[in-house]
Amino acid sequence: MAVKRIGVIGSGQLGRMMALAATHLDTEFVFFDEASESPCSNLGKSIQPSSDNALKAFIESVDVVTYESENTDATLVDDINQQVPVYPSSISLLKSQHRLTEKSFFQSIGIQTADFRKVESLADLTSAVEELGLPIILKTTREGYDGKGQAMIKEASDVEAAWQTLQGTELIAEAFVHFSRELSVIAARNVKGDVEIYPLAENDHSAGILRVSRVPVKALSEQKLTQARQYITTLLNELNHVGVLTLELFDTDSGLIANEMAPRVHNSGHWSIEGAYCSQFENHIRAICDMPLGSTSARQEYAAMINIIGKHGNQESVLKQENSFYHAYGKSERLNRKIGHINIVASNEAEIERTIKQYSAFVSECGE
Ligand code: AMP
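When we follow the working numbering, the leftmost residue of the sequence shown carries the number 171, and every step to the right adds one.
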């Protein structure tokens, strides 16, 4: 097998985990990013976009390109794609960069979403409240993540304040979804169009940030599992997506409601590094290199992932445990920054829950 040279736009922890997961497949990585010190330092060559002839040098040094963020410039992706393939394509990017486009697309292919309205003025917002009812979540259509760029409108008297906070950019008003829990479904599709889907994860957030993911999802009906698998397969095929794709879902009495997608490997799939036969990172690289996809099945009955947020915490306590795996991203401590994660695998639920409890300091204190 010839060495495959993989370019990554970005050099954060997702690029780092791609490189760590795929170097054994005779791959080399080149990171295209301004950051000189990054989680990807030492894992490959770095090219800074502002340096002379940077783009030309990047394109000449790779066979295929991918990216780490849904906020990647779609024009850059199209420009590079004229010379070397970029996966996923700019279509997947453009659809996921804009909440209105994304939700309209979901509905057009039979994926349920919250009711929503475009909001460009206070009058639009007032109409949205009348039509959708309260509560409502007002969001920026672009660049919101981890709950940023959002305002909750619980009562009519909140409308003005929400508008004052977010006005000045295009907005979407979404009906509040009464869900019992948040789930995600992650899948990979390779250049040939083969699809492999990971077991769904249940995701606990706090202050808008993912804290814990658990696999499998408890008491998930066969009907909802089928619905999730259909949603992600339809999305992958409609987008002609190549690489990993993630869909975030709300679990409700009337089925699964899609919230948003990410055209990339995802925090709620980090469990797969030790928890699945082939991790989301390796499968992403296999997909874009048109290799056969690896099995997405879980290696053990139960797995969990705990984000390390803000502080590194007691690393030793994790390293001593046979069922636990500490992943540091080479990042310094900073409030609310994701700087690593812990994976746990077990053959029974009690052990998973006991171990999560043991690491409660990571879950509750590190980010606060
Ligand atoms: P987002 O930035 O769209 O991922 O939203 C961040 C979080 O806000 C989600 O993980 C949910 O917990 C919550 N959320 C977002 N949209 C809705 C909605 N329409 N109804 C209820 N909760 C929501």
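Quick reminder that beta carbons are idealized off the backbone N, C-alpha and C, glycines included.
In this text, all values refer to a predicted model and were calculated from it rather than measured experimentally.
Query: Cross-strand partners of H511 (DSSP beta bridge); Result: N477, H497
Query: Cβ-Cβ distance between S350 and D421 below 8 angstroms; Result: yes
Query: Cβ-based burial, M322 [other Cβ within 10 Å; buried from 16]; Result: exposed
Query: N477 to L409 span [Cα, whole Å]; Result: 30 angstroms
Query: Status (buried if at least 16 other CB within 10 Å, exposed otherwise) for N429; Result: buried
Query: Check whether T236 and I306 have beta carbons under 8 angstroms apart; Result: no
Query: G378 CB to nearest heavy atom of the ligand AMP below 7 angstroms; Result: yes
Query: Any non-hydrogen atom of the ligand AMP within 7 angstroms of Q320 CB; Result: yes
Query: From T416, S391, H411, residue whose alpha carbon lies closest to that of N373; Result: T416
Query: Candidates S502, T197, L263, K501, of which the one nearest L405 by Cα; Result: L263
Query: Buried versus exposed call for G303 [16 or more other C-beta atoms within 10 Å across all chains shown]; Result: exposed
Query: Paired residues, beta bridge with Y237 - DSSP; Result: I179
Query: Secondary structure of M431, DSSP reduced to three states; Result: strand
Query: heavy atom of the ligand AMP below 7 angstroms from N429 C-beta; Result: yes
Query: Local conformation of V329 per DSSP, three classes; Result: helix
Query: C-beta contact flag for P369 and A468 at 8 angstroms; Result: yes
Query: Contacting residues, own chain, Cβ-Cβ under 7 angstroms from F228 (five flanking each side not counted); Result: G177, V200, F202, I217
Query: Whether M188 touches H440 by CB criterion (8 angstroms); Result: no
Query: C-beta atoms of L308 and A345 nearer than 8 angstroms; Result: no
Query: Separation of S424 from E538, as counted between CA atoms; Result: For E538, the predicted model reports a pLDDT of 45, less than 50, meaning its position is unreliable and no value from the coordinates is stated.
Query: Cβ-Cβ separation, S266 to M431 (assumed contact under 8 angstroms), whole Å; Result: 5 angstroms
Query: Contacting residues, own chain, Cβ-Cβ under 6 angstroms from A191 (five flanking each side not counted); Result: S449, F451, E452
Query: Cβ distance (whole Å) where I356 is taken to contact R399 below 8 angstroms; Result: 11 angstroms between Cβ atoms; not a contact.
Query: Cut-off 7 angstroms between Cβ atoms - residues of its own chain near E272, not counting five sequence neighbours on either side; Result: K265, S266, E430, M431
Query: Test item: CB-CB of Y257 and V435 under 8 angstroms; Result: no
Query: Secondary structure of A191, DSSP reduced to three states; Result: helix
Query: Simplified DSSP assignment, three categories, for G537; Result: Residue placement at G537 is poorly supported in this model, since its pLDDT is 48, which falls under 50; the coordinates still yield a value, given next. Three-state DSSP puts G537 in coil, outside helix and strand.
Query: CB of A371 within 8 angstroms of CB of S354, strictly; Result: yes
Query: Opposing strand residues paired with L341 [DSSP bridges]; Result: V289, T310
Query: H454 (DSSP reduced to helix, strand or coil); Result: helix
Query: Per-residue DSSP class, three states only, for D203; Result: coil
Query: Sub-8 angstroms separation of Y472 and E503 beta-carbons; Result: no
Query: Closest Cα partner of K226 within the set T245, E204, V254, V385; Result: V254
Query: Exposure label - Y529; buried when at least 16 CB within 10 Å; Result: buried
Query: Residue burial classification, A516 (beta-carbon count within 10 angstroms, cutoff 16); Result: buried
Query: Between the CA atoms of E492 and E521 - distance to the nearest angstrom; Result: 12 angstroms
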